[in-house]
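Peer 1: Note that the working numbering has the sequence shown beginning at 305, numbered continuously upward. Could you have a look at this structure, given as structure tokens, before my questions?
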Amino acid sequence: MERRHFLTLPLAALAVPGLMAAGAGSANAATPVQALKGASNGGSDALSFRQIKSLNPDWYYTWQATRTYTGKPFVPMIKDGRRLLQQDALGFVNRELSQTKTANLLGFNEPDHPLQANMSVDEAVRLWPLLQTTGLRLGSPATISPDAKWLDQFMLRVKRENLRVDFMTMHCYAWPDTADFLRKVARLHDKYQRPVWVTEYAVADWNVSKTHKNEFTRPMVEKFMRETVAGMRKLPYVERFAWKNRPINDPQMGTSSLFKLDGTLTSTGKLYASL
Numbered sequence: 305m306e307r308r309h310f311l312t313l314p315l316a317a318l319a320v321p322g323l324m325a326a327g328a329g330s331a332n333a334a335t336p337v338q339a340l341k342g343a344s345n346g347g348s349d350a351l352s353f354r355q356i357k358s359l360n361p362d363w364y365y366t367w368q369a370t371r372t373y374t375g376k377p378f379v380p381m382i383k384d385g386r387r388l389l390q391q392d393a394l395g396f397v398n399r400e401l402s403q404t405k406t407a408n409l410l411g412f413n414e415p416d417h418p419l420q421a422n423m424s425v426d427e428a429v430r431l432w433p434l435l436q437t438t439g440l441r442l443g444s445p446a447t448i449s450p451d452a453k454w455l456d457q458f459m460l461r462v463k464r465e466n467l468r469v470d471f472m473t474m475h476c477y478a479w480p481d482t483a484d485f486l487r488k489v490a491r492l493h494d495k496y497q498r499p500v501w502v503t504e505y506a507v508a509d510w511n512v513s514k515t516h517k518n519e520f521t522r523p524m525v526e527k528f529m530r531e532t533v534a535g536m537r538k539l540p541y542v543e544r545f546a547w548k549n550r551p552i553n554d555p556q557m558g559t560s561s562l563f564k565l566d567g568t569l570t571s572t573g574k575l576y577a578s579l
């Protein structure tokens, strides 16, 4: 996935008391272990494979149902309704199970973003039982913010219609404030009482313009990376995380980039590989 733009939501969100207590949604809950580091890469060429390997990940994903690289454990995703209904995404997942041996399946990618899955809550709820037929542990749809109203509405319907969501997925692109980031992770877990996967996160300066350069330097980003990785690994409910790469010349997120333009690791990429 290549994000073009989104508006960050307010940091404060109203908790829904008692929402999603343990029940149908936690049937396949995993035993807590130290959070596993991931990589995300949608490419299928030799450079993409080298980049995945160079980050030393425990797992990777491609925003798709099919794997591209056999050197690391793969987690498939059903990105949107079109891929589910028209491109036999579940068929690919099921046919590759004997090779991938995955126990997990990621749900819709940013359904509340018009340039991503772009799905209504009604559509997502209607299609969700198809994902359940795999028997895999299911990650929630990943909204553009963990505080998104879309996610609240979806999880209320999950409870009401006795659907299954086994872990929450989360995207976060904001300033390099470790305490604030970890509070968001904790709030998502506490709200829905499920393990958390942070499937996309990095530092972004959404105020960049012709007159305002990215104010978050690479040392600031790397300090944030060290602290957040260490912090998530101390949280028993965080199962996995993956830093999101953007091109090094990206105005908002270039200082978070893991790779140089030639595909080799930046200092940030080398740090991530070492963690």
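Beta carbons are placed, not taken as given, at the ideal position from N, Cα and C, and that holds for glycine.
According to DSSP, is histidine 475 part of a helix, a strand, or is it coil?
Peer 2: One-based indexing of the sequence shown puts residue 475 at position 171. The answer is strand: DSSP assigns histidine 475 an E or B state.
Peer 1: How many whole angstroms separate the CB atoms of asparagine 345 and threonine 366, which I take to be in contact at a CB cut-off of 8 Å?
Peer 2: By one-based count along the sequence shown, residue 345 stands at place 41. By one-based count along the sequence shown, residue 366 stands at place 62. At roughly 6 Å, the Cβ-Cβ gap stays under 8 Å, so asparagine 345 and threonine 366 are in contact.
Peer 1: Going along the chain, which residues of its own chain have a beta-carbon closer than 7 Å to the beta-carbon of aspartate 416, five neighbours each way excluded?
Peer 2: On the sequence shown, position 112 is the one that residue 416 refers to. Counting only Cβ-Cβ distances below 7 Å, and skipping sequence neighbours, we find Thr447, Ile448, Ala452, Trp454.
Peer 1: Give the secondary structure of serine 398 by DSSP, where H, G and I count as helix, E and B as strand, and everything else as coil.
Peer 2: Residue mapping note: residue 398 aligns to position 94 of the sequence shown, counting from 1. First, the amino acid is wrong: residue 398 is asparagine here, not serine. DSSP places asparagine 398 in helix when its eight states are reduced to three.
Peer 1: Pull up the distance between the alpha-carbon of alanine 506 and that of serine 402, whole angstroms please.
Peer 2: As a first step, residue 506 must be located in the sequence shown, where it is residue number 202. As a first step, residue 402 must be located in the sequence shown, where it is residue number 98. For alanine 506 and serine 402, the distance between alpha carbons rounds to 33 Å.
Peer 1: Based on DSSP bridge pairs, tell me the residues matched to arginine 441.
Peer 2: As a first step, residue 441 must be located in the sequence shown, where it is residue number 137. Per DSSP, Asn408.
Peer 1: Between leucine 569 and leucine 492, what straight-line distance do the alpha-carbon atoms span, to the nearest angstrom?
Peer 2: Taking the first residue of the sequence shown as position 1, residue 569 is located at position 265. Taking the first residue of the sequence shown as position 1, residue 492 is located at position 188. Cα to Cα, leucine 569 sits roughly 32 Å from leucine 492.
Peer 1: Taking the alpha carbon of arginine 441 as the reference point, which residue from Leu389, Val379, Ala483 has its own alpha carbon closest?
Peer 2: Here residue 441 corresponds to residue number 137 of the sequence shown, with the count starting at 1. Of the candidates Leu389, Val379, Ala483, the one whose C-alpha sits nearest the C-alpha of arginine 441 is Val379.
Peer 1: Spatial neighbours of alanine 326 within its chain, please: CB distance less than 7 Å, with the 5 preceding and 5 following residues excluded, ordered by chain position.
Peer 2: Taking the first residue of the sequence shown as position 1, residue 326 is located at position 22. Residue confidence is low: alanine 326 scores 38 on pLDDT, short of 50, so the model does not pin down where it sits. Its coordinate-derived value is still stated next. For alanine 326, where only same-chain residues beyond five positions count, the Cβ hits under 7 Å are Gln497.
Peer 1: Examine the Cβ distances between the stretch 474 to 489 and the stretch 379 to 388 and report whether three or more of them are shorter than 8 Å.
Peer 2: No, they do not touch.
Peer 1: For phenylalanine 563, name the three-state secondary structure that DSSP assigns.
Peer 2: As a working mapping, residue 563 is identified with position 259 in the sequence shown. It is a strand residue.
Peer 1: Determine, using beta carbons only, whether leucine 565 and leucine 359 come nearer to each other than 8 Å.
Peer 2: On the sequence shown, position 261 is the one that residue 565 refers to. On the sequence shown, position 55 is the one that residue 359 refers to. The answer is no: Cβ separation not under 8 Å.
Peer 1: Classify lysine 514 as buried or exposed, calling it buried when 16 or more other Cβ atoms lie within 10 Å of its own Cβ.
Peer 2: Residue mapping note: residue 514 aligns to position 210 of the sequence shown, counting from 1. The residue in question, lysine 514, is exposed, as its Cβ has fewer than 16 Cβ neighbours within 10 Å.
Peer 1: When the Cα atoms are used, what is the spatial distance from leucine 597 to leucine 467?
Peer 2: Here the chain covers residues 305 to 579 and nothing more, so residue 597 does not appear.
Peer 1: When the distance is taken between beta carbons, is leucine 575 closer than 8 Å to methionine 529?
Peer 2: If you number the sequence shown from 1, residue 529 lands on position 225. If you number the sequence shown from 1, residue 575 lands on position 271. For methionine 529 and leucine 575, yes; Cβs fall inside 8 Å.
Peer 1: Taking only runs that begin and end inside the stretch 339 to 382, name each unbroken alpha helix (DSSP H) of 4 or more residues, in chain order.
Peer 2: Correct list: 350 to 358.
Peer 1: By the three-class DSSP mapping on this structure, what secondary structure does arginine 550 have?
Peer 2: Within the sequence shown, the letter at position 246 stands for residue 550. Coil at arginine 550, not helix or strand.
Peer 1: Considering only DSSP beta bridges, list what leucine 569 is partnered with.
Peer 2: As a first step, residue 569 must be located in the sequence shown, where it is residue number 265. Paired residues: Phe563.
Peer 1: Might you give, ordered along the chain, the residues of its own chain that have their beta carbon closer than 7 Å to the beta carbon of proline 361, omitting 5 neighbours on each side?
Peer 2: Counting from 1 along the sequence shown, the entry for residue 361 is found at position 57. The residues are Lys341, Gly342, Ala343, Lys376.
Peer 1: Per DSSP, what kind of secondary structure is threonine 482 in: helix, strand or coil?
Peer 2: By 1-based counting over the sequence shown, the position of residue 482 is 178. The answer is helix: DSSP assigns threonine 482 an H, G or I state.
Peer 1: Please specify which runs of the alpha helix (DSSP H), each continuous and at least 4 residues long, are wholly inside the stretch 420 to 466, giving them in chain order.
Peer 2: Listed in chain order, they are 425 to 436, 453 to 464.
Peer 1: With distances taken between CB atoms, is the gap from alanine 339 to phenylalanine 471 smaller than 8 Å?
Peer 2: Counted from its first residue, the sequence shown places residue 339 at position 35. Counted from its first residue, the sequence shown places residue 471 at position 167. Contact: no.
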